[in-house]
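*Asks:* Handing you this structure, nothing more for now.
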Amino acid sequence: MADIHIEEFYKDAAVALVQLYGAFPRRVNLYVEDIAGPDEPDEFGLHSKRHMACLGALLWLAEEGFLRYVDTIRQEALDQAVLTQEAFIRLSAPAPDGLVEKLSGTVDTAGNPLPPSLQEDLSSHIHLVRTALKSRHSRHIGQVVRAALFQE
Numbered sequence: 012m013a014d015i016h017i018e019e020f021y022k023d024a025a026v027a028l029v030q031l032y033g034a035f036p037r038r039v040n041l042y043v044e045d046i047a048g049p050d051e052p053d054e055f056g057l058h059s060k061r062h063m064a065c066l067g068a069l070l071w072l073a074e075e076g077f078l079r080y081v082d083t084i085r086q087e088a089l090d091q092a093v094l095t096q097e098a099f100i101r102l103s104a105p106a107p108d109g110l111v112e113k114l115s116g117t118v119d120t121a122g123n124p125l126p127p128s129l130q131e132d133l134s135s136h137i138h139l140v141r142t143a144l145k146s147r148h149s150r151h152i153g154q155v156v157r158a159a160l161f162q163e
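Numbering (the numbering used here), first residue to last: 12 to 163.
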């Protein structure tokens, strides 16, 4: 079992990548609260560790070349964020077969093989990230994010 902050990083990265992929190629504001949940700054105006960890994950994605943004909006959001070409290509590309079969499947409910075009759509990294987020299973989210970002 991974440390909780690593599991949260994978979830934050997954949510951000799905949001940016869904808007691609438009630039959008990427709000930390939309990813990590609501946060009330304390009496000194400081955000929670969870909020700051999510912001850190977004900034890390930018530093590592997965997204670009124009500026930060205080510690609330990334202004005009967009996926980089490399990230878009990785998310659109097919994931390893073992991961696809484990998380998405290539057969219908009757056990018949899916049409090749549908298999291709269901085997993309972005589809697996969406599927893992819907499952809310932290191990699956971690697996697909690692596969998408680090090409396992």
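Note that beta-carbon positions come from the ideal geometry of N, C-alpha and C, so glycine has one too.
In this text, all values refer to a predicted model and were calculated from it rather than measured experimentally.
In this structure, how does DSSP classify Ala92 when only helix, strand and coil are distinguished?
*Replies:* Ala92: strand per DSSP, three-state reduction.
*Asks:* Assess contact between the stretch 91-100 and the stretch 44-62, defined as three or more Cβ pairs (one per stretch) separated by less than 8 Å. Is contact present?
*Replies:* They do not touch, by the three-pair rule.
*Asks:* Hey, how far is the Cα of Thr83 from the Cα of Leu144?
*Replies:* Between the alpha carbons of Thr83 and Leu144 lies a distance of about 26 Å.
*Asks:* If you draw a straight line from the alpha carbon of His62 to that of Asp50, how long is it in whole angstroms?
*Replies:* Those two C-alpha atoms are separated by around 7 Å.
*Asks:* The ligand FMN and Ser135: does any heavy atom of the ligand fall closer than 8 Å to the residue's C-beta?
*Replies:* For the ligand FMN, the structure offers nothing, since it holds no ligand at all.
*Asks:* Kindly indicate which three-state DSSP category Asp119 falls into: helix, strand or coil?
*Replies:* Low confidence applies here, because Asp119 scores a pLDDT of 46, under 50, leaving its location unreliable and the question unanswered by this model.
*Asks:* Please check if any C-beta of chain B sits within less than 9 Å of the C-beta of Tyr32.
*Replies:* Annotation note: the requested chain B is absent from the structure, which comprises a single protein chain.
*Asks:* Taking the alpha-carbon positions, what's the Ala68 to Gln30 distance?
*Replies:* Straight-line Cα distance between these residues: approximately 14 Å.
*Asks:* Within 10 angstroms of its Cβ, does Phe77 collect 16 or more other Cβ (buried), or is it exposed?
*Replies:* buried
*Asks:* Identify the continuous alpha helix (DSSP H) that holds Leu41 and give its terminal residues.
*Replies:* Careful: Leu41 lies outside any alpha helix (DSSP H), inside the beta strand (DSSP E) at 39-42.
*Asks:* DSSP state of Leu139, grouped into three classes?
*Replies:* helix
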